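The opening position of the sequence shown corresponds to residue 35 in the numbering used here, with each subsequent residue numbered one higher. As structure tokens, the structure follows; a few thoughts come after it.
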Amino acid sequence: MKSHEGKLVPFRLDPENPITIGPLALFDYYFEIKRQQEEAMRKALPIIKQVHDEYAGISGRRYGNGLIDAYRLEDAEIAAVCLGSTAGTVKTVVDELRSKGIKAGLLRLRTFRPLPTEEIKNALANVKAVGVMDRACSFGGFGGPVFHEVRHVLYDLQTRPHVSNYIYGLGGRDTSPMMIHQIYKDLQQIVETNRVEKPVQFIGVRE
Numbered sequence: 035m036k037s038h039e040g041k042l043v044p045f046r047l048d049p050e051n052p053i054t055i056g057p058l059a060l061f062d063y064y065f066e067i068k069r070q071q072e073e074a075m076r077k078a079l080p081i082i083k084q085v086h087d088e089y090a091g092i093s094g095r096r097y098g099n100g101l102i103d104a105y106r107l108e109d110a111e112i113a114a115v116c117l118g119s120t121a122g123t124v125k126t127v128v129d130e131l132r133s134k135g136i137k138a139g140l141l142r143l144r145t146f147r148p149l150p151t152e153e154i155k156n157a158l159a160n161v162k163a164v165g166v167m168d169r170a171c172s173f174g175g176f177g178g179p180v181f182h183e184v185r186h187v188l189y190d191l192q193t194r195p196h197v198s199n200y201i202y203g204l205g206g207r208d209t210s211p212m213m214i215h216q217i218y219k220d221l222q223q224i225v226e227t228n229r230v231e232k233p234v235q236f237i238g239v240r241e
């Protein structure tokens with residue numbers, strides 16, 4: 035692990051030796067700086083996968099491919115997309131649904147920026163209905179931030195799945211398996227009717 039971590043470089047900000055850093059960029063170079071930042075983010079995608087593989091070789095533990103973690107998506111007809119610890123609860127529900135013959139799956143995003151667009155597209159290309167779970171709300175907008183991104187990525191597919199948004203857990207509210215079942219039940223109905231009645235829903239809120 036020591037070789038994987040690399041050498042510790044002391045923090046640049048030292049109170050014993052104060053410095054001033056001027057982050058100001060004026061209009062003559064600001065645009066170019068931002069363009070370079072975008073390019074750097076894109077180039078980070080293969081680096082993230084590389085470092086993930088290096089860590090897996092040392093620890094024996096893998097987390098998808100470092101960018102996404104696809105769970106039982108090979109033949110899935112309905113799938114949820116989420117980030118973070120919620121995926122553990124969703125996996126349990128997926129297994130329960132699979133035991134009943136329902137072809138459910140899960141896509142867990144392990145990297146949001148840079149967004150692994152091709153990986154998302156390939157993982158969900160054959161799914162009929164996708165439920166994107168957001169633990170954030172873009173007030174006054176159309177759904178949450180993850181929903182915006184996933185919907186946009188899937189838009190150009192020749193045969194694209196229906197995509198709906200489920201906002202949950204705001205303020206740290208617990209997310210129960212029953213709530214996840216509700217999402218998959220809604221996705222089943224979307225497949226049956228070939229229609230999304232409510233593109234954005236709030237799950238587990240008192241209304």
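Ideal Cβ positions, reconstructed from N, Cα and C, are used throughout, including at glycine. Please read these numbers as outputs of a predicted model, since none were measured by experiment.
Between the options, which lies nearest to residue i when the distance is taken from Cα to Cα?
i	options	result
threonine 120	Asp168, Gly135, Lys134 and Gly91	Asp168
lysine 232	Leu141, Val166, Leu131 and Gln71	Val166
glycine 122	Glu108, Leu143 and Gly135	Leu143
threonine 126	Val234, Lys77 and His215	His215
lysine 219	Arg207, Val128 and Gly178	Val128
glycine 206	Arg185, Gly118, Gln235 and Leu60	Gly118
valine 184	Ile82, Gln84, Asn156 and Lys83	Asn156
aspartate 103	Lys83, Lys41 and Ser93	Lys83
lysine 36	Ile92, Asn228 and Met213	Ile92
Pull the bridge partners of residue i from the DSSP assignment, please.
i	result
glutamine 235	Tyr200
isoleucine 112	Ala138 and Ala163
aspartate 168	Ile201
aspartate 48	Asn51
leucine 117	Leu143
So, for residue i: in the same chain, excluding its five sequence neighbours on each side, which residues have a beta-carbon less than 7 Å away from its beta-carbon?
i	result
alanine 110	Lys137, Ala138, Gly139 and Val161
valine 230	His196, Ser198 and Ile224
arginine 163	Contrary to the premise, residue 163 reads as alanine rather than arginine in this sequence. Only Ile112, Pro195, His196, Leu221, Ile224 and Val225 meet the Cβ criterion.
leucine 158	Ala113, Leu141, Val164, Leu188 and Pro195
threonine 209	Thr120, Thr123, Tyr202, Gly203 and Gly238
arginine 132	Arg106 and Ala138
glutamate 88	His38
Among the residues of its own chain, which have a CB less than 8 Å from the CB of residue i, if the five just before and after it don't count?
i	result
leucine 79	Leu101, Thr145, Pro148 and Pro150
proline 179	Asp168, Ala170 and Ser172
If you measure from the beta carbon of residue i to each beta carbon in chain B, is any gap under 7 Å?
i	result
threonine 54	Looking at the structure shown, chain B is missing, and only one protein chain is on hand.
Once you ignore the five residues that flank residue i on each side, which residues in its own chain have a CB closer than 6 Å to its CB?
i	result
alanine 90	Arg96
Under a Cβ-count criterion, where at least 16 other Cβ atoms within 10 Å of its own Cβ denotes burial, should residue i be classed as buried or exposed?
i	result
methionine 75	exposed
tyrosine 200	buried
glutamate 226	exposed
phenylalanine 181	buried
glutamate 153	buried
histidine 86	buried
valine 115	buried
glycine 177	buried
Looking at the unbroken beta strand (DSSP E) that takes in residue i, where does it start and where does it end?
i	result
isoleucine 102	102 to 105
What residue does the alpha helix (DSSP H) around residue i start on, and which one ends it?
i	result
methionine 75	64 to 93
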